[in-house]
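**Q**
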Amino acid sequence: MATWNDFRSQTPLGSALSTPVSAPPPGLTPVPKPSTDNDGTEEELSEMDRYGLKGLLSLIKGENTDQNTVALGTDLSLLGLDMSEGSLDVKLSETFPSPWVETSRSEVEPEYKTPVEFKVGDVPPIQEKLTLFTDETLFYLFYTRPRDVLQELSARELMNRNWRYHKELQVWLTKDSNTEPVQQSPQSERGIYIFFDPHNWDKVRKEFILYYQSIMS
5 MATWNDFRSQ TPLGSALSTP VSAPPPGLTP VPKPSTDNDG TEEELSEMDR YGLKGLLSLI
65 KGENTDQNTV ALGTDLSLLG LDMSEGSLDV KLSETFPSPW VETSRSEVEP EYKTPVEFKV
125 GDVPPIQEKL TLFTDETLFY LFYTRPRDVL QELSARELMN RNWRYHKELQ VWLTKDSNTE
185 PVQQSPQSER GIYIFFDPHN WDKVRKEFIL YYQSIMS
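Counting the sequence shown from 1 gives a position; the numbering used here is that position plus 4.
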């Protein structure tokens with residue numbers, strides 16, 4: 005709809021108007037009605053309307069079956085679910101294995117048979133096997149079982165093998181068997197120690213001043 009400003013810009017100054025133009029009285033300016041026709045397909049919609057109410061209208065009409073399923077959902081009764089009042093107390097996980105299972109069944113877990121060879125009885129407690137583990141296995145149990153009994157048991161076995169836990173550095177260390185540390189004071193000694201680095205999973209040999217109060221007894 006052309007406005008007065010548009011019309012004035014198209015008419016040269018000083019030219020006579022063939023038809024007199026009069027502006028409507030104040031308050032009586034016609035308001036354009038919203039379009040009730042088809043708002044167009046998704047390709048014709050603007051970027052803003054595509055994700056607004058106009059875009060939702062095309063989904064409700066079912067023009068795109070894939071998007072219609074995602075936006076509006078699917079009737080659960082079509083998937084084989086019992087939606088009656090008597091099934092409200094039944095857990096869905098016990099009766100509904102998957103929406104893609106062609107045949108419905110009451111049990112979710114399939115039947116299986118464990119071979120006799122897989123069944124192991126009279127397994128000894130792990131406490132009796134800790135002495136057979138390597139240092140790396142004990143470190144693995146210590147760092148991967150926090151606040152577990154295996155962490156305590158692996159720490160005890162490491163201490164039996166002369167490993168000590170440094171409370172400040174939060175690493176395990178032990179004396180190098182090839183050297184003997186030198187006593188510096190009643191509270192410390194200096195020597196070569198082997199540290200276990202849990203980040204690189206490696207043993208590192210370095211000279212270090214050890215304060216006895218930093219060692220967990």
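The beta carbon of each residue, even a glycine, is placed where N, CA and C say it ideally should be.
Given the structure is predicted, the values throughout are model-derived calculations rather than measurements.
1) For residue 187, I'd like the list of residues in its chain whose CB is within less than 6 Å of its CB, leaving aside the five on either flank, ordered along the chain.
2) From 123, 208, 191 and 189, pick the residue whose C-alpha is nearest to that of residue 197; which is it?
3) Between 94, 147 and 184, which has its C-alpha nearest residue 176's C-alpha?
4) Would you call residue 205 buried or exposed, if buried means 16 or more other Cβ atoms sit within 10 Å of its Cβ?
5) Going by DSSP in three states, residue 160 sits in which element: helix, strand or coil?
6) Closest to residue 178 by CA distance: which of 161, 200 and 160 is it?
7) Assign residue 43 to one of three DSSP states: helix, strand, or coil.
8) Can you name the start and end residues of the beta strand (DSSP E) that residue 195 belongs to?
9) Kindly indicate the opening and closing residues of the beta strand (DSSP E) around residue 169.
10) Cβ atoms of residue 221 and residue 172: under 8 Å apart, would you say?
11) Do you know offhand how far residue 142's Cα is from residue 149's?
12) Alpha carbon to alpha carbon, what distance is there between residue 125 and residue 102?
13) Using the C-alpha atoms, what's the distance from residue 118 back to residue 53?
14) Mind reading off the beta-carbon distance from residue 145 to residue 154? Whole number of angstroms is fine, and I expect it under 8 Å.
15) For residue 64, report the span of its alpha helix (DSSP H) as first-last.
16) Under DSSP, the alpha helix (DSSP H) around residue 178 begins and ends at which residues?
17) Please work out which residues of its chain come closer than 8 Å, Cβ to Cβ, to residue 195, disregarding the five sequence neighbours upstream and downstream, and give them in chain order.
18) Using a Cβ-Cβ cut-off of 7 Å (strictly less than) and excluding sequence neighbours within five positions of residue 131, which residues of its own chain qualify?
**A** From the atom records:
1) 193
2) 208
3) 147
4) exposed
5) helix
6) 200
7) Annotation note: pLDDT 49 at residue 43 (below 50); position unreliable, coordinate value reported separately. Here residue 43 sits in coil by DSSP.
8) 192–201
9) 168–170
10) no
11) 11 Å
12) 35 Å
13) 59 Å
14) 5 Å
15) 57–64
16) First-last for residue 178: 175–179, but that is the beta strand (DSSP E), not the alpha helix (DSSP H).
17) 179, 180, 183, 184, 185, 186, 211, 212 and 214
18) 157
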